[in-house]
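Counting from 1, position 319 in the sequence shown corresponds to residue 319 in UniProt numbering; the numbering is continuous, with no gaps. Don't be surprised by glycine CBs; every beta carbon is placed ideally from N, CA and C. Reviewing the structure listed below.
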Amino acid sequence: MDSDGTIVDVTTPHQLHWHTASHQRQRAFVQSSKLQDVLYEIRGPVHQHAARLEAEGHRILKLNIGNPAPFGFEAPDVIMRDMIQALPYAQGYSDSQGIMSARRAVVTRYELVRGFPRFDVDDVYLGNGVSELITMTLQALLDNGDQVLIPAPDYPLWTASTSLAGGTPVHYLCDETQGWQPDIADLESKITARTKALVVINPNNPTGAVYTREILSQMVDVARKHQLLLLADEIYDKILYDDAQHISLASVAPDMLCLTFNGLSKAYRVAGYRAGWLAITGPKDHASSFIEGINLLANMRLCPNVPAQHAIQVALGGHQSIEDLVLPGGRLLEQRDVAWTKLNEIPGVSCVKPAGALYAFPRLDPEVYDIADDEQLVLDLLLSEKILVTQGTGFNWPAPDHLRLVTLPWARDLAAAIDRLGNFLASYRQ
1 MDSDGTIVDV TTPHQLHWHT ASHQRQRAFV QSSKLQDVLY EIRGPVHQHA
51 ARLEAEGHRI LKLNIGNPAP FGFEAPDVIM RDMIQALPYA QGYSDSQGIM
101 SARRAVVTRY ELVRGFPRFD VDDVYLGNGV SELITMTLQA LLDNGDQVLI
151 PAPDYPLWTA STSLAGGTPV HYLCDETQGW QPDIADLESK ITARTKALVV
201 INPNNPTGAV YTREILSQMV DVARKHQLLL LADEIYDKIL YDDAQHISLA
251 SVAPDMLCLT FNGLSKAYRV AGYRAGWLAI TGPKDHASSF IEGINLLANM
301 RLCPNVPAQH AIQVALGGHQ SIEDLVLPGG RLLEQRDVAW TKLNEIPGVS
351 CVKPAGALYA FPRLDPEVYD IADDEQLVLD LLLSEKILVT QGTGFNWPAP
401 DHLRLVTLPW ARDLAAAIDR LGNFLASYRQ
């Protein structure tokens, strides 16, 4: 203000230019091009729509994700007690590969698996769930354009993480008419000079298939012939129904480099703890650089969350309560049976009986249901029935004719939900 009371503008020309320019144009921050082909439809746009409906007060039955806790599955008390008691000792960083007691427990676990190759604690990496370890492995392995063979349908993290690492996911078909066993001829036909690894998800998510020894041996023969790295996702190896038997991929390929992924999330019902492991078996002298890359990434994240690491030893060494849930009279078996029976009662819907895991992957006959866009289908189901499922194409299945739903709700709730699905489909048109 001047002496006579006049207001004086003291803004310099430089300040005025900056102020004007900042209001004229803001720098745009756009998504990285590295995410162009990265999708995860289990928590994709339809899931986000469900969250908005929940915020408005609607009750949504979430059959989209294998999260046991919301459906009344509790962690064994001994796991929680041990983890709580360990909290005073879990305040600092651990070794980047994980605490020694948990890694020893992983080694001991596989000593009890028939034919599983020997390995030691230095071959074990603990992680914030299997998801982190998958991402680390593919980041350490792939150069731009390297190809990874992944089943169709798949667990979509494998496809997304391959793309994020600069690789190219190539999907080999699993045959629904053969109980969703992999099609070996299709698998081998997809191999090129750039193919670097073969992913095997067994028991399979989303189909529930448990692979036979014959199929696994044929897959290993193909991988051996083409010198591929084996990546075995076996998170559901303890969730088996009827007379299904799980055969670890590494046990069929003791002469090959194989990375086996597993964790506590499903069999021990502690998905939120984020406690997984990676075990490396087979000859490693020709893979020292790759393993050094995994070490580097493990060091960069400093360590897995330490409290959850303390749950691993007691979980693996204690009573395996998952067995009570999958045997006759067990809750998971009952729910699998109800889901399979009720889905097959819907006209035009068929479902291969899941032999393992926590999902059903029913087919909608295109002769009965003219579905061009299965994402629109699951959105319409959500809006109409307040039931959230995931479309089959979200698992990299090539046609819009499948859905995945989890079999975790109580049997009566699951039966009611599938009845509502059937009523919805009876009048649905696109």
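- The three-state reading of DSSP puts residue 180 in coil, since its state is none of H, G, I, E or B.
- A distance below 8 Å between beta-carbons, with the five flanking residues on each side excluded, links residue 378 to the following residues of its chain, in chain order: 46, 388, 389, 390, 391, 403.
- For residue 120, same chain residues with a beta-carbon under 7 Å away, outside a window of 5 residues either side, are 107 in chain order.
- Within its own chain, the residues whose Cβ lies closer than 8 Å to the Cβ of residue 213, once the five positions on either side in sequence are excluded, are 247, 252, listed in chain order.
- Going by beta carbons, residue 210 and residue 232 fall outside the 9 Å limit.
- Taking 9 Å as the cut-off, the Cβ atoms of residue 229 and residue 190 do not count as close.
- The DSSP assignment places complete beta strand (DSSP E) segments of no fewer than 3 residues inside the stretch 181 to 252 at 195 to 201, 229 to 233, in order along the chain.
- Sequence-distant Cβ neighbours of residue 223 in its own chain, meaning closer than 7 Å and more than five residues away, are 198, 230, 256.
- Assigned with DSSP and collapsed to three states, residue 279 falls in strand.
- By the Cβ criterion, the stretch 122 to 132 is in contact with the stretch 275 to 285, since at least three pairs of Cβ atoms, one from each stretch, lie closer than 8 Å.
- Between residue 142 and residue 115, the gap from beta carbon to beta carbon reaches 9 Å or more.
- For residue 168, the enclosing beta strand (DSSP E) stretches over residues 168 to 175.
- In this structure, the beta-carbon distance from residue 170 to residue 207 does not fall below 9 Å.
- Using a 10 angstroms sphere on the CB of residue 32, the tally of other CB atoms stays under 16, which defines it as exposed.
- Shown here, residue 135 sits in a helix according to DSSP, grouped into three states.
- A residue is called buried when at least 16 other Cβ atoms come within 10 angstroms of its Cβ; residue 299 does not meet this threshold and is exposed.
- Residue 140 is positioned such that its CB atom lies closer than 9 Å to that of residue 296.
- Between residue 406 and residue 66, the C-beta spacing is below 9 Å.
- Residue 161 and residue 265 have their C-alpha atoms spaced approximately 19 Å apart.
- By the CB criterion at 9 Å, residue 425 and residue 261 fall outside the cutoff.
- Residue 315 and residue 268 have their C-alpha atoms spaced approximately 7 Å apart.
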